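Colleague:
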Amino acid sequence: MYKRITALLALCLSLPLVAQAESLAQLQTRAEQGDIDAQYNLGVIYSTGEGVTQNYQQAAIWYQKAAEQGHAYAQNNLGFMYNHGQGVKRDDHQAVKWYLKAVAQGDVIAQYNLGVIYEQSEVIQDYQEAVKWYQEAAAQGHSSAQYNLGIMYDDGRGVKQDYQQALQWYQKAAAQGNPKAQNNLGVLYSNGQGVKQDFIKAKQWYAKACGNGDQSGCDNYRTLRKQGY
């Protein structure tokens, strides 16, 4: 049966209504005057290309200005840009620096992103640190962190392999509609890992995953149907 790999990094990209109603020129003026929210909002606009030509260098500049003033979302997004080399030279150490500043303000997305970078980085990979930060974000209800924590227990990376723990974290993420977690629950039921083998329940989870757009769930569902379940 097919499993899915860990979920990827996340950005904070929501704009408040006041920013949506404001002209770019007005926003630029406020940002240049040092308004922290205007600086962050300009970063979002340039990184998404919302109403302007997408420009990662400009996005990084404005995120940096807001981040240096202590804007948690800007700190997370600047970390993301360093992690991906968007508008700045890729630097995972700088990414961690800015994620940690956002985490110090309680930003759950930055906690999750620290987990991802420590799991996937070729420069600072540390599975135990990845598990630590996934646990922090998962405890606050972050669905992708819960799913990724399930993966770590499933694979035995950074923790002792424990299918029951994997099952529990997949269940938490699946309850929030995470299709990858729903698929992986199906795999555990198919294989009898951490739970009594049950192809009917496996098929039910695959159906949910498929219904939520997960191709692996669709493939696994069809496989069980062909086998008569």
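Count the sequence shown with mature numbering (1 follows the signal peptide of the UniProt record, and there is no 0) and you get residues -21 to -1, 1 to 208, in order. The beta carbon of each residue, even a glycine, is placed where N, CA and C say it ideally should be. Fair warning: this is a prediction, and the values are worked out from it, not measured in the lab.
#1: What's the C-alpha gap between Ala109 and Tyr149?
#2: If you follow the alpha helix (DSSP H) that Leu146 is part of, which residue opens it and which one closes it?
#3: Counting along the chain, where does the alpha helix (DSSP H) carrying Glu11 start and finish?
#4: Do you know how far the Cα of Gly28 is from the Cα of Tyr52?
#5: Would you mind reading off the limits of the alpha helix (DSSP H) that contains Tyr208?
#6: Give the single residue among Gln176, Leu6, Gly207 and Ala81 whose Cα lies nearest to the Cα of His50.
#7: Is Asn170 buried or exposed, if buried means 16 or more other CB atoms sit within 10 Å of its CB?
#8: Could you give the distance in angstroms between the alpha-carbon of Tyr19 and the alpha-carbon of Val31?
#9: In this structure, how does DSSP classify Leu164 when only helix, strand and coil are distinguished?
#10: Quick check on the DSSP output: the alpha helix (DSSP H) that includes His63 runs from which residue to which?
#11: Do you know offhand how far Tyr97's Cα is from His121's?
#12: Excluding the 5 residues flanking Leu(-11) on each side, which residues of the same chain have their C-beta closer than 7 Å to its C-beta?
#13: Give the secondary structure of Asp177 by DSSP, where H, G and I count as helix, E and B as strand, and everything else as coil.
#14: Beta carbon of Tyr208, beta carbon of Ile179: below 9 Å?
#15: For Glu101, which option in Lys159, His72 and Gln7 has the closest C-alpha, if you only look at C-alpha atoms?
#16: Given Lys182, which residues of its chain have a CB within under 8 Å of its CB, disregarding the five upstream and five downstream residues?
#17: Taking only the alpha-carbon atoms, compute the straight-line gap between Lys111 and Gly94 and give it to the nearest angstrom.
#18: Alpha carbon to alpha carbon, how far is Asp16 from Ala45?
Modeller: Taking the structure as given:
#1: For the purposes of this step, residue 109 is identified with residue 130 of the sequence shown, where counting begins at 1. For the purposes of this step, residue 149 is identified with residue 170 of the sequence shown, where counting begins at 1. Rounded to the nearest angstrom, the two C-alpha atoms are 17 Å apart.
#2: Residue 146 sits at position 167 when you count from the first residue of the sequence shown. Looking at the DSSP string, the run of the alpha helix (DSSP H) that includes Leu146 is Tyr142 to Ala154.
#3: On the sequence shown, position 32 is the one that residue 11 refers to. From DSSP, the alpha helix (DSSP H) with Glu11 extends over Leu3 to Glu11.
#4: Residue 52 sits at position 73 when you count from the first residue of the sequence shown. Residue 28 sits at position 49 when you count from the first residue of the sequence shown. Cα to Cα, Tyr52 sits roughly 18 Å from Gly28.
#5: Stepping through the sequence shown from its first residue, residue 208 is reached at position 229. Neither: Tyr208 is in no alpha helix (DSSP H) and is coded neither H nor E.
#6: The residue labelled residue 50 in the question sits at position 71 within the sequence shown. Comparing Cα positions, the closest option is Ala81.
#7: To locate residue 170, count along the sequence shown from 1; it is residue 191. By the 10 Å Cβ count, Asn170 comes out exposed.
#8: Taking the first residue of the sequence shown as position 1, residue 19 is located at position 40. Taking the first residue of the sequence shown as position 1, residue 31 is located at position 52. If I take the Cα positions, the gap works out to 15 Å.
#9: For the purposes of this step, residue 164 is taken as residue 185 along the sequence shown, with counting starting at 1. Three-state DSSP puts Leu164 in a helix.
#10: Residue numbering aside, residue 63 sits at position 84 when the sequence shown is read from its first letter. Ala51 to His63 is the extent of the alpha helix (DSSP H) around His63.
#11: Mapped onto the sequence shown, residue 97 falls at position 118. Mapped onto the sequence shown, residue 121 falls at position 142. Distance between the alpha carbons of Tyr97 and His121 is about 17 Å.
#12: For this step, residue -11 is matched to residue 11 along the sequence shown. Answer for Leu(-11): Asn56 and Phe59, listed in chain order.
#13: Here the question's residue 177 lines up with position 198 in the sequence shown. Asp177 falls in the coil class under three-state DSSP.
#14: Sequence index remark: in the sequence shown, residue 208 carries index 229 (1-based). Sequence index remark: in the sequence shown, residue 179 carries index 200 (1-based). Cβ atoms of Tyr208 and Ile179: closer than 9 Å.
#15: Counted from its first residue, the sequence shown places residue 101 at position 122. Nearest of Lys159, His72 and Gln7 to Glu101, Cα basis: His72.
#16: Residue 182 sits at position 203 when you count from the first residue of the sequence shown. Closer than 8 Å at the Cβ level, and outside the excluded window around Lys182, lie Gly165, Tyr200, Leu203, Arg204 and Tyr208.
#17: The sequence position of residue 111 within the sequence shown is 132, counting from 1. The sequence position of residue 94 within the sequence shown is 115, counting from 1. Whole-angstrom Cα-Cα distance: 7 Å.
#18: Here residue 16 refers to the residue found at position 37 when the sequence shown is read from its first residue. Here residue 45 refers to the residue found at position 66 when the sequence shown is read from its first residue. When rounded, the distance between both Cα atoms is 7 Å.
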